[in-house]
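Colleague: Take a look at this one; I'll ask things after.
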Amino acid sequence: MTTGVRRRMGVEERRQQLIGVALELFSQRSPDDVSIDEIASAAGISRPLVYHYFPGKLSLYEAALKRASDELAGRFVEPREGPLGARLLRVMRRFFDFVDEHGPGFSALMRGGPAVGSTRTNALIDSVRQAAYVQILSHLNVENPPARLELVVRSWISLAESTALIWLDGRRIPRAELEVQLVHDFAALAAVSAASDEEMGALLRRMLKDEPADGPFNELIGRLISLAS
């Protein structure tokens with residue numbers, strides 16, 4: 004007869020385990036509602052041992068936030084192949100996958116959880132926005148964006164955040180519809196800017212040049228024409 008022996012984890016392995024456990028719990032409920040005792044129980048260790056690896060819940064929250072922000076930033080990475088509208092739609096689907104999987108944690112991240120006011124937390128949130136911004140510019144094949152384009156892209160990223168937060172509060176609109184709507188929103192923001200700026204106009208024409216008739220951008224144009232007729 005043999006007795007099972009629990010494998011002893013190394014320091015970094017244990018830290019990563021605790022971050023994973025905390026992220027899972029924070030994804031189910033707001034970090035304000037998750038206690039260190041719950042994290043310790045889920046990890047199968049004692050409360051004092053959690054404090055051995057992290058000074059407190061705030062530092063553990065920030066570590067979990069760092070992992071989540073890295074994952075969320077990665078959702079905006081997309082090969083620069085095929086029509087832009089289809090690429091943005093795939094990005095939005097992965098973005099909403101994350102929001103769907105980590106609802107309460109995503110809300111806490113964007114609205115401020117136990118780390119509200121923390122310089123490190125704010126920097127992590129900004130890093131996700133910046134990563135998304137850089138990725139969108141790469142899809143537009145623009146290295147030095149003019150002021151109007153920067154405004155369009157950053158406004159759209161903020162719109163995607165707020166749309167996701169509103170959707171989480173009841174999920175009253177089908178997710179797939181919002182994913183398409185956000186792609187339409189990008190085209191609409193660009194079009195409004197292009198109406199008063201020739202440089203944006205040239206960019207918009209380039210965006211639409213290779214779009215298929217059944218793509219999301221041309222779908223929006225068709226709907227607008229039908230509304231005006």
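Each residue of the sequence shown is one higher than the last, beginning at 4 in our numbering.
Just so you know, even glycine gets a beta-carbon here, dropped at the ideal spot from N, CA and C.
Around the C-beta of SER196, are 16 or more other C-beta atoms found within 10 angstroms, so that it is buried, or is it exposed?
Modeller: What you label residue 196 is simply residue 193 of the sequence shown in a count that begins at 1. Buried, by the Cβ-count rule.
Colleague: Considering only the alpha carbon of each residue, which of SER229, PHE101 and MET95 lies closest to ILE139?
Modeller: Working through the sequence shown from its first residue, we reach residue 139 at position 136. Selected option, being the one with the closest Cα: MET95.
Colleague: In angstroms with no decimal places, state the Cα-to-Cα distance between ASN144 and ASN125.
Modeller: As a working mapping, residue 144 is identified with position 141 in the sequence shown. As a working mapping, residue 125 is identified with position 122 in the sequence shown. Roughly 28 Å separates the two Cα atoms.
Colleague: So, for SER30: in the same chain, excluding its five sequence neighbours on each side, which residues have a beta-carbon less than 6 Å away from its beta-carbon?
Modeller: Position 27 of the sequence shown, counted from the start, is the residue given in the question as residue 30. Hits under 6 Å: HIS105 and GLY108.
Colleague: Over the uninterrupted alpha helix (DSSP H) stretch that includes ILE228, give me the two end residues.
Modeller: As a first step, residue 228 is located in the sequence shown; it is residue number 225 there, counting from the start. First-last of the alpha helix (DSSP H) with ILE228: 219-231.
Colleague: Rounded to whole angstroms, what's the CA-CA distance from LEU185 to GLY225? Just pull it up for me.
Modeller: Numbered from 1 along the sequence shown, position 182 holds the residue referred to as residue 185. Numbered from 1 along the sequence shown, position 222 holds the residue referred to as residue 225. When rounded, the distance between both Cα atoms is 16 Å.
Colleague: When you compare only the Cα positions, how much space is there between TRP170 and GLU214?
Modeller: As a working note, residue 170 is residue 167 in the sequence shown. As a working note, residue 214 is residue 211 in the sequence shown. Taking the straight line from one Cα to the other gives about 28 Å.
Colleague: For ARG90 versus ARG97, is the C-beta distance shorter than 9 Å?
Modeller: Working through the sequence shown from its first residue, we reach residue 90 at position 87. Working through the sequence shown from its first residue, we reach residue 97 at position 94. No, Cβ-Cβ distance for ARG90 and ARG97 is not below 9 Å.
Colleague: I'd like the ranges of any alpha helix (DSSP H) spanning at least 4 consecutive residues and lying wholly in the region 61-146.
Modeller: Counting whole runs of 4 or more residues, the region 61-146 contains the alpha helix (DSSP H) stretches 87-104, 106-114 and 122-143.
Colleague: Do you know how far the Cα of ALA231 is from the Cα of PRO34?
Modeller: Sequence index remark: in the sequence shown, residue 34 carries index 31 (1-based). Sequence index remark: in the sequence shown, residue 231 carries index 228 (1-based). Straight-line Cα distance between these residues: approximately 48 Å.
Colleague: Around the C-beta of ILE176, are 16 or more other C-beta atoms found within 10 angstroms, so that it is buried, or is it exposed?
Modeller: To locate residue 176, count along the sequence shown from 1; it is residue 173. Result: exposed.
Colleague: Applying the 10 Å Cβ sphere with the 16-neighbour rule, what's the burial state of GLY85?
Modeller: Counting from 1 along the sequence shown, the entry for residue 85 is found at position 82. Classification for GLY85: exposed.
Colleague: Alpha carbons only, please: which of SER62, ILE48 and ALA43 is nearest the one belonging to THR122?
Modeller: On the sequence shown, position 119 is the one that residue 122 refers to. With distances taken between Cα atoms, THR122 lies closest to SER62.
Colleague: Alpha carbons only, please: which of ALA46, ALA193, LEU112 and LEU181 is nearest the one belonging to GLU16?
Modeller: Sequence index remark: in the sequence shown, residue 16 carries index 13 (1-based). Out of ALA46, ALA193, LEU112 and LEU181, ALA46 has the C-alpha closest to the C-alpha of GLU16.
Colleague: Can you check which of these residues, SER141, ILE22 and ARG178, is closest to ASP103 by C-alpha distance?
Modeller: Residue mapping note: residue 103 aligns to position 100 of the sequence shown, counting from 1. Here the closest residue by C-alpha is ARG178.
Colleague: Determine the direct distance from the alpha carbon of VAL80 to that of ALA43, and round the result to whole angstroms.
Modeller: Sequence index remark: in the sequence shown, residue 43 carries index 40 (1-based). Sequence index remark: in the sequence shown, residue 80 carries index 77 (1-based). Using only the alpha carbons, I get a separation of about 34 Å.
Colleague: Under the rule that 16 or more other beta-carbon atoms within 10 Å means buried, what is LYS212, buried or exposed?
Modeller: Locating residue 212 in the sequence shown gives position 209, where the first residue counts as 1. Under this definition LYS212 is an exposed residue.
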